[in-house]
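Asks: Take the sequence shown: its letters are residues 2 to 175, numbered as in our numbering. One structure, as structure tokens, below. Some questions next.
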Amino acid sequence: MRRAPFVIAGTIVGVAGVLAYPTHPPRLVVPSSSSSSSSSSAAAANAGGGGGSSAASSAPASGPPTTPGTAPSTAATTAPAVRSAVGADTQYPYGDLAVEVKATGNHITDLIVTRLNDGGAGQSEFIDHQAIPLLRRQVLAAQTTNINGVSGATYTSQAYVDSVQSALDKLGIK
């Protein structure tokens, strides 16, 4: 009789855990470069106030204000160019993948998986779709391929790092 409340509570917790377990792998969302550029220009236009031409309201303000009669410095008005390179198509035991690296100067700004072939196998696909967003965040945070990787996705982690490092080598980023 004394164990009944514990058994009932354990059963409820167990059933709740089973019902909460995700049965479908989440979708891997690859950010598109066109949507980010259109949203940034829309944000710049909204920040411009109300009136004025569209060219004046969409241009970002940069550098210190200039006084009449002085020309603005070209270094202050030109932003570093965004460069990109696609890393090697890296083979691993469950498929292959390639990663595109976008960088401004020596700063990694974005990582996009351009090729992912995991054979459509359920477990491998599930692992890849869980691990790749985590790997992306780790590389962006560390700004290098010297990351921990994802436990349980060792092969995917190594292939991702190898492809990113290949792209960084093409860009000349250490």
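Note that the Cβ used here is the ideal one computed from N, Cα and C, for glycine as well.
1) Using a 10 Å radius around the Cβ and a threshold of 16 neighbouring Cβ atoms, would you call VAL140 buried or exposed?
2) Please list the segments of the beta strand (DSSP E) lying wholly inside the region 119-169, counting only runs of 3 or more residues, in order along the chain.
3) If we count Cβ pairs, one from each stretch, closer than 8 Å, do we get three or more for the region 139-156 versus the region 112-131?
4) Thinking C-alpha only, which one of TYR95, ALA89 and LEU20 is nearest SER167?
5) Note down, in chain order, each residue of its chain lying with its Cβ closer than 7 Å to the Cβ of GLY153, except the 5 sequence neighbours on either side.
6) Taking a contact to mean a Cβ-Cβ separation below 8 Å, would you say LEU117 touches LEU136 in this structure?
7) Looking at PHE163: is its Cβ nearer than 8 Å to the Cβ of THR105?
Replies: Per the coordinate set shown:
1) On the sequence shown, residue 140 is found 139 positions in, with the first residue counted as 1. Under this definition VAL140 is a buried residue.
2) none
3) yes
4) Translated into the one-based positions of the sequence shown, residue 167 becomes position 166. Of the listed residues, the one whose Cα sits closest to SER167 is ALA89.
5) If you number the sequence shown from 1, residue 153 lands on position 152. ILE128.
6) Within the sequence shown, residue 117 is the residue found at index 116, counting from 1. Within the sequence shown, residue 136 is the residue found at index 135, counting from 1. No, Cβ-Cβ distance for LEU117 and LEU136 is not below 8 Å.
7) If you number the sequence shown from 1, residue 163 lands on position 162. If you number the sequence shown from 1, residue 105 lands on position 104. The question names Phe, yet the displayed sequence has Asp at residue 163. No, the pair does not count as a contact, with Cβ atoms beyond the cut-off.
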